[in-house]
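Down below is the structure, laid out as structure tokens.
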Amino acid sequence: MSVTFRENNNIGTIEFDQEGSKVNLLTSDVIKRLDTVLDGIKTKQNLEVIVLWSKKKDVFFAGADIKEIEQITESQDGMEKARAGQKVLNKLEDLTIPTIAVIDGVALGGGCELSLACQYRLATFNDKVRIGLPEVNLGFVPGFGGTYRLPRIVGLAEGLKMILAGKPVDGSKALKIGLFDRLCPQTGLEDHLKKFISDIKSGKDKRLGKTKYARNKKKGWAGLLEGSLTGQSFIFYQTKKNVLKATKGFYPAPVKAVEVIEKNFFLNRVKGLEVEARTFGELAVTGISKNLVAVFYLSEKYKKLKLEGADGIESQPVRKCAVLGAGVMGGGIAQLLASRDIWVRLKDINYDAVAKGFQAANKIFKDGVKKRKLTKAQAMTQMAHITGTLDYSGFKTADYVIEAVVENMDIKKKVFKDLSGAASEHAILATNTSALSVTEMAKETSRPEKVIGFHFFNPVHRMPLVEVITTPMTSKETIVTTLALVKQLGKIPILVKDSCGFLVNRVLLGYVNEAGRILEECGEMEKVDRLMTDFGMPMGPFALSDEVGLDVGIKVLHILEKGINERYKPVEIFETIFKAGYLGKKSGQGFYSHGKERTPNPEINRLITGSSRRRFDPEVCRERLLYIMINEAARCLEEGVIDGADTVDTGMIFGTGFPPFRGGLLRYADTLGIDHLVSRLEKLGVELNAPRFQPAKYILDLREKRKGFFKG
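With numbering that gives the first Met the number 0 as the guide, the letters of the sequence shown map in order to residues 0 to 711.
Pasting the structure below:
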């Protein structure tokens with residue numbers, strides 16, 4: 000990393016450029032180099048302004064070096080690293096001449112903290128500009144002064160919000176809250192910088208004449224609240240209450256962040272930064288932090304996923320897309336495509352169906368406007384990208400076709416047969432399916448090499464994962480273009496070989512079915528759900544079944560039963576509840592009654608017909624639910640459905656909400672130990688007379704080699 004100092008006309012510029020990388024990282028080496036530069040600046044009496052500048056396109060600093068943090072094993076080491084960074088940024092802050100951070104891209108984590116140490120922040124209108132402190136998402140708190148400086152610059156409430164959410168804000172938001180002092184066009188940036196410097200020197204802009212901590216004093220009720228001890232105490236009390244409710248005690252970093260800010264907000268810089276450094280060191284070595292860092296690496300890896308052996312193969316541009324089926328999934332897919340400025344032709348068998356697809360897409364756009372994620376004009380423009388049809392008109396101009404009709408193989412086969420003639424020869428033909436054979440559909444077309452599978456998760460616009468299903472006939476060009484499209488849509492792809500249930504549904508439905516067996520044997524539906532939410536799952540298996548719909552779940556279980564084996568046969572209670580008309584949330588009642596509040600359906604216990612009753616043992620029940628998933632994931636690895644444990648953990652975290660603080664399903668399995676896992680699986684198999692708990696050969700092989708899914 001080069002940290003270069005140059006001066007011109009009494010203006011000093013510190014330029015950052017990490018060689019051989021698209022981004023700058025605030026490493027220990029950069030901190031040391033910056034320290035040396037700052038020592039040199041102190042000796043120069045003629046300097047009037049210092050400017051911090053990045054040579055990277057769209058990047059000021061992407062953050063600190065996560066690998067350095069990952070290697071911290073002792074809390075004292077973490078504290079020392081934080082103190083070293085704080086010392087240098089204090090030196091920058093203490094310069095007696097104006098300091099300006101010029102931000103023309105992302106300024107995250109340590110990069111944000113570097114800019115906070117400057118007196119001013121000038122940013123561009125570049126839509127890539129983002130600034131924030133995402134550290135709590137990695138299980139620790141900012142360590143280079145972020146908790147001390149940000150609340151003082153933007154105000155207590157806004158500072159807490161930014162640090163606890165861990166989400167960066169764009170340029171306009173940063174300007175509004177006072178984090179940026181000015182926005183300017185990218186074109187002629189140096190001229191705009193000169194004008195900014197001139198305005199600082201001249202004193203014409205009175206706001207710029209104030210110190211950074213006095214520049215954004217709140218007015219009105221916000222000012223009264225943040226300006227009094229009583230108001231500050233109320234803000235901290237309410238924030239802590241909300242954080243505890245949101246994290247449920249699973250994630251210590253947000254709670255600790257509030258505590259750090261509450262302490263250092265009333266301390267001088269020396270004492271305040273020491274509180275931050277100590278807390279950073281304590282959190283950086285925790286297992287939860289290590290797991291969240293591992294999940295961060297997973298998300299970064301799969302966001303950039305490339306097909307092995309496809310070097311030199313370029314993806315084909317997707318500007319127009321056709322979607323068949325305007326139901327829940329079809330409408331959601333159409334909206335997602337349109338939100339990325341892709342033109343969409345939405346087809347269904349009648350106008351009412353097409354209209355429902357339009358309504359579903361429009362509702363998502365309207366919700367986005369309400370939440371201020373986009374403007375009304377943007378929503379209208381994107382919605383206008385969708386047109387409807389009852390026939391195949393317009394399909395010849397589509398670069399990509401996504402079939403999202405009902406989950407029925409005969410209907411899907413007919414659609415693919417029709418598409419052979421209806422779609423352009425260059426178009427890729429994709430099916431959105433949760434369990435059906437993509438290979439069987441591909442055989443119906445004249446271009447099987449251009450057929451591929453998608454498994455979007457519902458709701459499409461929210462769920463980050465997409466399973467990309469390949470057949471033995473799918474060409475590399477088709478896979479490369481599909482991966483590029485998934486990334487264009489802002490989703491995380493995993494590659495899965497065509498097999499019954501693919502990865503996520505195969506693992507998840509084994510878990511749901513096991514929950515059904517426990518219900519038949521022990522009752523205690525609410526306790527089972529609570530067992531898993533206490534583990535960290537976003538909802539229990541029965542609440543999940545209600546969300547998905549009993550009809551959908553049973554249908555997929557039957558497909559898996561036929562395609563894999565009888566361990567996927569839906570348990571009797573599922574069939575009974577389904578026949579009684581309790582479909583879940585969509586019908587108002589399933590395992591729960593869905594009114595203003597969700598309450599247990601009193602009919603469930605009456606419908607349980609199993610005569611044998613087991614004592615409800617929470618630990619054994621939790622083991623059954625978790626170990627059945629681990630075992631099935633191992634079978635998927637054994638059969639080559641996916642390429643590694645990383646893919647399993649990515650699929651389960653981003654497709655099902657498996658708790659990130661656990662690191663992932665198979666990373667969690669490694670914490671149990673393979674010997675323990677084999678022992679418990681074998682014991683459960685004997686006690687329950689259940690072959691489904693027979694340890695997968697993949698797990699037995701790991702034991703023999705003295706390895707784990709990740710360890711060894």
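Note that beta-carbon positions come from the ideal geometry of N, C-alpha and C, so glycine has one too.
What is the rounded straight-line gap between the Cα of residue 320 and the Cα of residue 429?
In a straight line, the C-alpha of residue 320 is about 11 Å away from that of residue 429.
Can you confirm whether the segment 484–495 touches the segment 466–476 when touching is taken to mean that 3 or more C-beta pairs between the two stretches lie within less than 8 Å?
Taking 8 Å as the limit for Cβ pairs, the verdict is that the segment 484–495 does touch the segment 466–476.
Measure the alpha-carbon distance for residue 635 versus residue 277 and round it to whole angstroms.
Cα to Cα, residue 635 sits roughly 43 Å from residue 277.
Please state the DSSP three-state secondary structure of residue 146.
Three-state result, residue 146: helix.
What residues in its chain sit with their C-beta under 7 Å from that of residue 146, if we drop five residues either side in the sequence?
Hits under 7 Å: 140, 162, 256, 259, 260, 263 and 275.
Less than 8 Å between the CB atoms is what I'm expecting for residue 116 and residue 82, so what's the real figure, rounded?
Between residue 82 and residue 116 the Cβ distance is about 15 Å, and since that is not below 8 Å, they are no contact.
Counting Cβ pairs closer than 8 Å, one from the segment 503–511 and one from the segment 533–553, do we hit at least three?
Yes, they touch.
Roughly how many whole angstroms lie between the Cα atoms of residue 375 and residue 47?
One C-alpha to the other measures close to 45 Å.
In this structure, does DSSP put residue 136 in helix, strand or coil?
If DSSP states are grouped into helix, strand and coil, residue 136 belongs with the helices.
How is residue 457 classed by DSSP in three states: helix, strand or coil?
Note: residue 457 maps to coil in three-state DSSP.
Determine whether the beta carbon atoms of residue 698 and residue 676 lie at a separation below 8 Å.
Yes.
Excluding the five sequence neighbours on either side, which residues of its own chain have a C-beta within less than 6 Å of the C-beta of residue 703, listed in chain order?
Here the set comprises nothing.
Can you find at least 3 beta carbon pairs, one from the segment 476–494 and one from the segment 517–532, that sit closer than 8 Å?
No: fewer than three Cβ pairs fall under 8 Å.
Considering only the beta carbon of each residue, do residue 105 and residue 120 sit closer than 8 Å?
No; because the gap between Cβ atoms is not below 8 Å, this pair is not in contact.
Based on Cα-Cα distance, which residue from 413, 407, 425 and 649 lies nearest to residue 400?
The shortest Cα separation from residue 400 among 413, 407, 425 and 649 belongs to 425.
Check this for me: beta carbons of residue 432 and residue 448, under 8 Å apart or not?
Not closer than 8 Å, so no.
With C-beta atoms as the reference, is residue 549 less than 8 Å away from residue 594?
No, they are not a contact pair.
Taking a contact to mean a Cβ-Cβ separation below 8 Å, would you say residue 107 touches residue 62 in this structure?
Yes, the Cβ-Cβ distance between residue 107 and residue 62 is below 8 Å.
From this set, 604, 546, 564 and 230, which residue's C-alpha is nearest residue 582's C-alpha?
Answer by Cα proximity: 546.
Starting from the Cα of residue 621, find the closest Cα among 364, 480, 526 and 441 and give me that residue.
Answer by Cα proximity: 526.
Just how far apart, CA to CA, sit residue 460 and residue 40?
Computed Cα separation, rounded: 50 Å.
Whole angstroms is fine: what's the gap from residue 610's alpha carbon to residue 666's?
Confidence at residue 610 is low in this model, with a pLDDT of 49, below 50, so its placement is unreliable and the value that follows should be read with caution. Answer to the nearest angstrom: the Cα atoms are 38 Å apart.
Just the C-alpha distance for residue 44 and residue 208, rounded to the nearest angstrom, thanks.
Rounded to the nearest angstrom, the two C-alpha atoms are 21 Å apart.
Going residue by residue through the segment 189–220, where are the continuous beta strand (DSSP E) segments of at least 3 residues, counting only ones entirely within it?
Counting only runs of 3 or more, we get nothing.
Looking only at its chain, what residues have a beta carbon closer than 6 Å to the beta carbon of residue 127, apart from the 5 residues adjacent to it on each side?
Closer than 6 Å at Cβ, skipping near neighbours: 57 and 104.
Have a look at 97, 95, 134 and 688 and flag the residue whose alpha-carbon is nearest the alpha-carbon of residue 110.
Considering only alpha carbons, the answer is 134.
Going by beta-carbon coordinates alone, are residue 411 and residue 404 separated by less than 8 Å?
Against a cut-off of 8 Å, the Cβ pair of residue 404 and residue 411 comes out as a contact.
What separation, rounded to the nearest whole angstrom, lies between the Cα atoms of residue 715 and residue 360?
This structure gives no information on residue 715, because the portion of the chain shown stretches from 0 to 711.
What does the Cβ neighbour count give for residue 75, buried or exposed, with the cut at 16 atoms within 10 Å?
It counts as exposed.
Would you give the residue range spanned by the beta strand (DSSP E) that residue 714 belongs to?
The chain is shown from 0 up to 711; residue 714 falls before or after that span and cannot be answered.
Under the three-state reduction of DSSP, which class applies to residue 14: helix, strand or coil?
Strand, per DSSP.
With distances taken Cα to Cα, identify the nearest neighbour of residue 10 among 200, 151 and 17.
Among 200, 151 and 17, the Cα nearest to that of residue 10 belongs to 200.
Would you give the residue range spanned by the beta strand (DSSP E) that residue 322 belongs to?
Where residue 322 is concerned, the enclosing beta strand (DSSP E) stretches over 319–323.
Is residue 305 helix, strand or coil when you go by DSSP?
Coil.
By the DSSP assignment, the beta strand (DSSP E) with residue 183 in it spans what residues?
Note, residue 183: beta strand (DSSP E), 181–183.
Just grab the DSSP bridge partners of residue 592 for me.
In the DSSP output, where bridge partners are listed per residue, residue 592 has 588 and 598.
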